[in-house]
Each structure stands twice: as C-alpha cells, then as structure tokens.
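Novice: Below is one structure. I have some questions about it.
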Amino acid sequence: MTTPAAAPVIRTERLTRWFGNIVAVNDITLDIRPGITGLLGPNGAGKSTLIRMIAGLARVSSGTVTLFGEPVRNNPPLSRRIGVMLEHETVYGFLTGRQFVRLMGELREVTPLDEAVERAIGHVELHDAADRKIRTYSRGMRQRIRLAGTLVHDPEVLLLDEPLNGADPKQRIHFQRLLRRFAGEGRTIVISSHILEEVERIADTVLLLVNGKLAASGDFRAIRAALNERPYHVLVACDSPRALAAAVVRLDSVEAVKLDPDGRIVILSRNVRDLQLELPKLAQRNSVTLRRVVPLDDSLESVFGYLVDGGGER
Amino acid sequence: MKTLFLLTLRRVLTPSRILTIGALAFVPFAVTSLILLIPDAPEVAMFEELILNTLLAGAIIPLATLATARAAFGDEIGDRTLANVTLTPNPRWKIVLPKLLGVVCVPALVMAATTWLTGYAGYGADLAATCAVTIGALAAVVLYCSLFVWLDLLTPHAVGIGLAYIVVWEGLFSRFVYGVRFFSIRSHAISVMHGADERRFAEGAHTAPGLTAAVAAVVVVVLFLLSVRRLRTMDSP
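So the protein sequences, as listed, match chains Y and R.
Mind the numbering: the first sequence is residues 1197 to 1510 in the working numbering, read in order.
Mind the numbering: the second sequence is residues 11 to 247 in the working numbering, read in order.
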C-alpha cells in the first residue's frame, strides 16, 4: 500500500505555530508519503492545528509546509487536489445531503457534477437519506455526508481530522475499507485521532504528537510493541491482601507488588494480558475473594506519556 | 460566483433576518405617516433632518445592514463553515464579491422600497426628491454593507463594534465634530441625496456631487480590497 520509494507528498520543515504565549505546534519536520498516515495524540496535542496548517487554513508562525512541492497558503488552485474534513461540523443544516455535496462540487468546479455527486454519496452509502435536510441527520450521518463533500472532487490528498467521531461500528468498518481502497489507488491520507486502536486498524505509518511536538513517528507495529512492554499499575481489592500479595509476587508477569495503607494491593506488571489470566486462578487457589481489579494508568495520556518519556523511543 | 451568491442569499433570507430588516425598514415610513397626520405638520427641513438624516441614514440603514452583512462571513466563521468556501480553487476576490453582493441586494431592495414610500409621503409626491432620497439610501446600503462585511472578517466582536460605531461615530461624532463629516457614511448618503436633487438638504454644507460619488466609490473599493486581503491572511476556523 505505502510505496517506500514514493516521494513525499506533504512536507513540513520546522513548522511552528504560536497562539499568544502557547505553542500549539512546535518545530515539526516531517514527510508524508502516499498511503495512510495516522496522526495520533491526546486532546490538545496540536493535531488539528497541524492539519489546518497542512491544508493552508491556518497561518504558520515559522517554518514551511508544502504539498506536491508547492506552498499551501494562499494557493487556491492546490485545493483541487486536497480534500479536508475538519473536526468540527462544517455543514449547512438547511441543505439536503445531496444539495450539500453538490454545493461542495460546484465550489470546487467539478465536472461532470451530477456523476461526481452520486459517486461521492455512494462512497459513504447515504443514497437513502441524501434528500433529507442535514439538520435531521444523526451525528454519524452528518460525518458521512461531510466525507462525501470532501470526496466529491476526487482529491489526491485527504486530510481527515477525527473523522470517526459519532460513527457506529458498522460505519467504522466501512470507513476503514474505503480509506484502504483510496490508499491503494495511490492517494495520500492523513487521519487524526486520539484513539490508539482506531489508528492502529487504519494507518500504516503513525505520527505521534504530544504537547505540540512530534514525539514518535514510524511504523505502528513498532509503537504497539513498545506499548505491550509498558509497565502497568493494577489495583486489586480483596478479602486477604497479604496472602494474595505473597502469591502474586511469584508470577512471571509481575515486577513488583505493594500494599497501600487501605489494605489494597498495587501490582506493577509488564504483561497485563498474562496477569489478567493468572490473577483469578491464583485467587481461587489461595481461597481469596477478589472484590475489585482496576488498571490505574490506562488513560490515553499515560499511554502517550509512556511513549514520549522513554519506552517509545525509536 | 453564482453558487456563493445564492448560498449567501440563502443565509440572508432567514425568517429572523427578514423580520428584522422588514421591521426596521418600515419605521421611517410609519413615523412619516404619523407625522403627516398631525394638523400642523413640520416643515420639509425638519422631515429631512429627523426622518432621513437621523433615523434612516443614521440608524435604520446601518442597523439593517449590520444584521445582513453578518450572513457573508460572520455566520460562516461562527458555525465554522468558512473552510468550505476558502478551500476552493477560486481567488479570494471571487469569494468576497458574490458574498458582498449577496448581503447588499436584500437590504437594498427593501430599503429602496420603503425609502421611496417615505420620500413620496414626506415630500408630498415630489418624484425627483423621492428618487434622490432613494438613491442616497442605496448608496448608504452599499457603503455600510462593505464596512460591516470587512468588520466581520476582522473581529469576532463585529456586532458590538458595529453598534458602537453606529451610535458613537455616526450618531455623535460625525454630527457634532467639525471635519469628521467627511468620514461619515451617513453624511455621504445625505450628500448623495442633495447631489441628486439640489433642493433637498439645501441648508447644510455638502460635498460636491462628483466628489461625493468618487469618495463613495473609493471607500467601497478600499473596503472590498481590505476584505480580500483579510480573507487571504486570516485563519479559517
């Protein structure tokens, strides 16, 4: 799907954007080639600002962005080659779905228009609801019609900011297939998300953004491998904590065990999958009743933090 | 450009805006009609000063255009749909022009109709005077719309600043501070009315008709270019 030898389509060099005293995007240099690139990072990491700068919608404070070797800012002809779907809903509720896609096609001077509109609506499988006003659509449907509007001029580059927000599982699968097909046609697709698993399913390459900086980039599998080795803290509440702690510490999947002042056990494990399987059996063997098993640092921020702070170094 | 013009028209023609413009535009005619019912109706000069200068050119037209101008870019920025129109292969002037025309045409039609009725009633069916005030009102609509469209691109507080401008600049400074008149849209509108029929607003000091027309045209072009420039340099939400 991704051609390693393909020339970069999107190139940023020392790209920085300040909003007052806050740096949203900090000194990012990257090349994006044809295929699907996932832009991953917690909320507020600078993903949307980066996408908007790549699209030419936002100014850069310093650095450069080029698409196909051309500067993007104030380069209207380039917009024929780019499809952008921003995070926020950019639809006109007073139009029907078909009118919206048609409007997007007219604004981008698409010919033949009727054919392009039907094809775009077909891509998102929304023919049945295409003649309803967008204000009557569910969130998932609005996302789909926005995607149709993004695709109507058949762009070579797709910049999609959190496109799966509001989509149901069936729509997600359809969307993933659609993107893979487009990538197979040689298009360059950048998809941003704060959900690791979502990007993992779609993207070949990942760019990890944290606090406006490019924290990691490369093949997703390498990042996932680093994640699997990540130490997790798991809190266990039971009726006999000392007995369970003594047994748990002998497990290969456990690195350390600690009893907290409330009589609960905090386990540090580098293999949570094995721990999940072994812990109930161990409790049963030692006649211990488990009351609660809670991962303490499973939040997205802690995952990104781990990748940034060392475990994810590549 | 036709697509953007129609999209803007659609945004202008919302029930709330139609109601606002219609209600505002009706006020000068209603007040004129009421005044004419008074046995000792005021003189023409009083009608010109109170109804045409203060009410129509200084309050009604700027308020109506402030409401409609927002449909060009203010609404697009507010609901974050501006990227739909900026991410197109069109040069920026081809975006600003149809949007400006879209927000001008509705208040222009409504104001022309009600100003004509107001002038016809106030001047006692004097057609030349009626046409003169209608032309002046149309000039004011175009000038105010150009200003407010640019203002909407410039700041998210365009409505507040626009209202302050109407009250402070047009309502106070341009009336009472010597020399400011030349920078007042209201004064230009009155000068246009006087230029189209010299019997009207005969008592005041007016800019020469040719100069008035030239200044009005330059102001519209400059505001248009400023809007184009702003659209080129701003961040699209």
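Even for Gly, the Cβ is constructed at its ideal location relative to N, Cα and C.
Is the region 134 to 142 of chain R touching the region 201 to 220 of chain R in the sense that three or more CB pairs, one from each, lie closer than 8 Å?
Specialist: yes
Novice: Which chain R residues sit within Cβ distance under 8 Å of Y/Met-1300?
Specialist: Asn-94
Novice: Given Y/Thr-1198, which residues of its chain have a CB within under 7 Å of its CB, disregarding the five upstream and five downstream residues?
Specialist: Low per-residue confidence applies at Y/Thr-1198: pLDDT is 44, beneath 50, and the placement is therefore not dependable, though the value from the model is reported in the following sentence. These residues qualify, in order along the chain: Arg-1229, Pro-1230, Gly-1231, Asp-1400 and Thr-1401.
Novice: Give me the chain R residues within the contact set of Y/Arg-1383, using Cβ-Cβ distance strictly less than 8 Å, ordered along the chain.
Specialist: Per Cβ cutoff of 8 Å: no residues; Y/Arg-1383 is ~17 Å from chain R at best.
Novice: Buried or exposed: where does Y/Tyr-1333 fall if 16 or more other Cβ atoms within 10 Å of its Cβ makes it buried?
Specialist: With at least 16 other beta carbons inside 10 angstroms of its own, Y/Tyr-1333 counts as buried.
Novice: Between R/Leu-233, R/Ser-237 and R/Arg-210, which lies nearest to R/Glu-53 when the distance is taken from Cα to Cα?
Specialist: Checking every option, the nearest Cα to that of R/Glu-53 belongs to R/Arg-210.
Novice: Run the CB neighbour count on Y/Gln-1514, radius 10 Å, all protein chains shown included, and call it buried at 16 or more, exposed below.
Specialist: This structure gives no information on residue 1514 of chain Y, because the portion of chain Y shown stretches from 1197 to 1510.
Novice: Could you check if R/Asp-50 is buried or exposed, using at least 16 other CB atoms within 10 Å of its CB as the buried criterion?
Specialist: Around the C-beta of R/Asp-50, fewer than 16 other C-beta atoms lie within 10 Å, and the residue is accordingly described as exposed.
Novice: Can the beta-carbon of Y/Ile-1341 be found less than 8 Å from the beta-carbon of Y/Phe-1296?
Specialist: yes
Novice: With a threshold of 16 other CB atoms inside 10 Å of the CB of R/Glu-208, please say whether the residue is buried or exposed.
Specialist: exposed
Novice: Buried or exposed for Y/Ala-1325, please, with buried defined as at least 16 other CB atoms from any protein chain shown within 10 angstroms of its CB.
Specialist: buried
Novice: Relative to the alpha-carbon of Y/Asp-1350, which residue among Y/Leu-1236, Y/Ser-1483 and Y/Glu-1311 has its alpha-carbon at the smallest distance?
Specialist: Y/Glu-1311
Novice: Between R/Leu-97 and chain Y, is there a C-beta pair that is closer than 8 Å?
Specialist: Yes - at least one Cβ of chain Y is within 8 Å of the one on R/Leu-97.
Novice: Residues of the region 104 to 124 of chain R in Cβ contact with chain Y at a cutoff of 8 Å, in chain order, please.
Specialist: none
Novice: Helix, strand or coil for Y/Thr-1401? Go by DSSP, reduced to three states.
Specialist: strand
Novice: With DSSP run on the structure shown, which of helix, strand or coil describes R/Tyr-130?
Specialist: In the three-state reduction of the DSSP assignment, R/Tyr-130 falls in the helix class, which pools H, G and I.
Novice: Here's a check: name, in chain order, each residue in its chain whose Cβ is nearer than 7 Å to the Cβ of R/Ala-77, leaving out the five neighbours to either side.
Specialist: Arg-27, Thr-30 and Ile-31
Novice: Look at the Cβ atom of Y/Thr-1286, then the Cβ atom of R/Ala-150, and state whether they are nearer than 8 Å.
Specialist: no
Novice: Which chain R residues sit within Cβ distance under 9 Å of Y/Tyr-1288?
Specialist: Leu-17, Arg-20, Arg-21, Asp-89, Thr-91 and Asn-94
Novice: State yes or no: is the C-beta of Y/Leu-1263 within less than 8 Å of the C-beta of Y/Leu-1274?
Specialist: yes
Novice: Is it true that the region 78 to 85 of chain R meets the region 159 to 178 of chain R, where meeting means three or more beta-carbon pairs spaced less than 8 Å apart?
Specialist: yes
Novice: Contact defined as beta carbons within less than 8 Å: I believe R/Thr-243 pairs with R/Lys-109. What is the distance between those atoms, to the nearest angstrom?
Specialist: No, R/Thr-243 and R/Lys-109 are not in contact; Cβ-Cβ is about 17 Å, not under 8 Å.
Novice: Are the CB atoms of Y/Val-1432 and Y/Leu-1478 nearer to each other than 8 Å?
Specialist: no
Novice: Looking only at its chain, what residues have a beta carbon closer than 6 Å to the beta carbon of Y/Val-1280, apart from the 5 residues adjacent to it on each side?
Specialist: Ala-1251 and Leu-1355
Novice: Just checking my contact of R/Ile-61 with R/Pro-38 at CB under 8 Å: how many whole Å lie between their CB atoms?
Specialist: So it is a contact: roughly 5 Å between Cβ atoms.
Novice: Which residues in chain R have a C-beta closer than 7 Å to the C-beta of Y/Glu-1305? List them in chain order.
Specialist: Pro-99
Novice: Quick one, which of R/Asn-63, R/Val-228, R/Arg-240 and R/Leu-157 has its alpha-carbon nearest R/Ser-184's?
Specialist: Nearest option by C-alpha distance: R/Asn-63.
Novice: Nearest to Y/Pro-1308 by alpha carbon, out of Y/His-1323, Y/Arg-1269, Y/Pro-1272 and Y/Val-1348?
Specialist: Y/Val-1348
Novice: Using a Cβ-Cβ distance cut-off of 8 Å, determine whether R/Arg-242 contacts chain Y.
Specialist: yes
Novice: Within 10 angstroms of its Cβ, does Y/Phe-1215 collect 16 or more other Cβ (buried), or is it exposed?
Specialist: Here Y/Phe-1215 is exposed, its C-beta having fewer than 16 other C-beta atoms within 10 Å.
Novice: Which stretch, first to last residue, makes up the beta strand (DSSP E) that contains Y/Asn-1222?
Specialist: 1218 to 1228
Novice: Would you give the residue range spanned by the alpha helix (DSSP H) that Y/Gly-1234 belongs to?
Specialist: Counting along the chain, Y/Gly-1234 falls outside any alpha helix (DSSP H), though it belongs to the beta strand (DSSP E) covering 1231 to 1236.
Novice: If you check the beta carbons only, do Y/Ile-1247 and Y/Leu-1235 fall under 8 Å apart?
Specialist: yes
Novice: Got a sec? Which residues, its chain only, sit under 6 Å from R/Arg-102 by beta carbon, not counting five neighbours each side?
Specialist: Val-238, Leu-241 and Arg-242
Novice: Let me make sure I understand the geometry here. Which of Y/Arg-1373, Y/Glu-1352 and Y/Val-1353 has the alpha-carbon closest to that of Y/Leu-1360?
Specialist: Y/Arg-1373
Novice: Does the Cβ-Cβ distance between Y/Arg-1213 and Y/Thr-1245 come in under 8 Å?
Specialist: yes
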